[in-house]
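Structure first, commentary second.
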Amino acid sequence: MGRTDKILDTITELAKEAGDLIKNYFRRLRSCDIEKKGFSHYVTRADKEAEDLLVTELQKEFPDIGICAEESKEVKGRGRFLIDPLDGTHNFMHGIPHFCVSIAYELESRIETSIIYDPIKDELFQATRGNGAFLNGYPIKPSKIKDFEKALIALGFPPTAYHLRERFMNALKELIIEVNSLRIFGSAALNLAYVAAGRIDGDMEFGLSPWDVAAGWLIVEEAGALITDENGREEILKGNIIAATPEIHPSLLKFAQEKIL
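The sequence shown maps to residues 33 to 293 in the working numbering.
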């Protein structure tokens, strides 16, 4: 077994352990302490304990690899794990069963392998560079929708992009007329996984951190969809991200550039 395969097996196992921990807290939300970190930015006990589990076990198994996680100080190393222990915290806090664990392994500025795990649906999205993308072991591909007006588009708008709020709201009025339908699910990682799996045709995300997008980026690419930053550049693991089928991506990118950014 090569090292990348070992890493994939390990992050898969740990994501499921963290998912079980999060799911247990979800069943008894009142016992899950909530801390406000900033404007519309919260962290729960589930976030912290899941991240502690992931960071501790990954450092034990791969002490030479760095860690970049949402709630912890970055640890330098040869390559790094990018970890979001609970993507979709607002959904979790409100009892909405739509959130996930997201882990990626980056080496020399490229994501080599990644997973996104939805503990409620028990859905595991995986990818390794050059080997395709999978959902629970089955290959996934983006949708075959080619026309922008027929597309189902998801959006994400975290507090870090609050300065774009007015343009964002005005743009929604136009976008809802131009496409078939819009969704705001509340989890950037799952939005990207859904683009990869053909459940949605495109996704626009604004103000992301590296751990928000790293795992989904590779899964989207390996499935055969397109993912870029706001300028059409690839491998930019933060900021404003556009992901879509190859046919929808140009129209969605143009809309974001002209109407929101």
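Ideal Cβ placement from N, Cα and C applies to all residues, glycine included.
Let me know the secondary structure DSSP gives residue i once reduced to three states.
i	result
residue 213	strand
residue 293	coil
residue 102	coil
residue 230	coil
residue 171	strand
residue 295	The requested residue 295 does not occur in the structure, where the chain is confined to residues 33 to 293.
residue 237	strand
residue 273	strand
residue 52	helix
residue 261	strand
residue 165	strand
residue 255	helix
residue 186	strand
Excluding the five sequence neighbours on either side, which residues of its own chain have a C-beta within less than 8 Å of the C-beta of residue i, listed in chain order?
i	result
residue 53	78, 81, 82, 85
residue 178	277, 279, 280
Find out if the Cβ-Cβ distance for the pair residue i, residue j is shorter than 9 Å.
i	j	result
residue 242	residue 256	no
residue 55	residue 156	no
residue 111	residue 98	yes
residue 185	residue 148	no
residue 218	residue 123	yes
residue 180	residue 39	no
residue 183	residue 212	yes
residue 230	residue 273	no
residue 104	residue 244	no
residue 288	residue 262	yes
residue 196	residue 204	no
residue 129	residue 152	yes
residue 202	residue 291	yes
residue 199	residue 36	no
residue 76	residue 57	yes
residue 154	residue 163	no
My understanding is that residue i touches residue j, with C-beta atoms under 8 Å, so please give their C-beta distance in whole angstroms.
i	j	result
residue 275	residue 224	6 Å
residue 50	residue 95	In fact, because the Cβ distance is near 20 Å, the residues do not count as touching under 8 Å.
residue 150	residue 222	6 Å
residue 248	residue 284	Not quite, the Cβ-Cβ distance comes to about 16 Å (not below 8 Å), so this is no contact.
residue 250	residue 159	5 Å
residue 46	residue 90	7 Å
Which residues in the same chain as residue i place their Cβ atom closer than 6 Å to its Cβ, once the five residues preceding and following it in sequence are excluded?
i	result
residue 187	216, 236
residue 266	260
residue 246	114, 136, 143, 269
residue 44	147
residue 226	232
Spatial neighbours of residue i within its chain, please: CB distance less than 7 Å, with the 5 preceding and 5 following residues excluded, ordered by chain position.
i	result
residue 93	42
residue 253	259
residue 132	119, 120, 148, 149, 150, 219, 221, 222
residue 293	262, 272
residue 264	285
Identify every run of the beta strand (DSSP E) within the stretch 109 to 160, keeping only runs that are complete inside it and at least 3 residues long; order them along the chain.
112 to 119, 132 to 139, 142 to 150, 155 to 160
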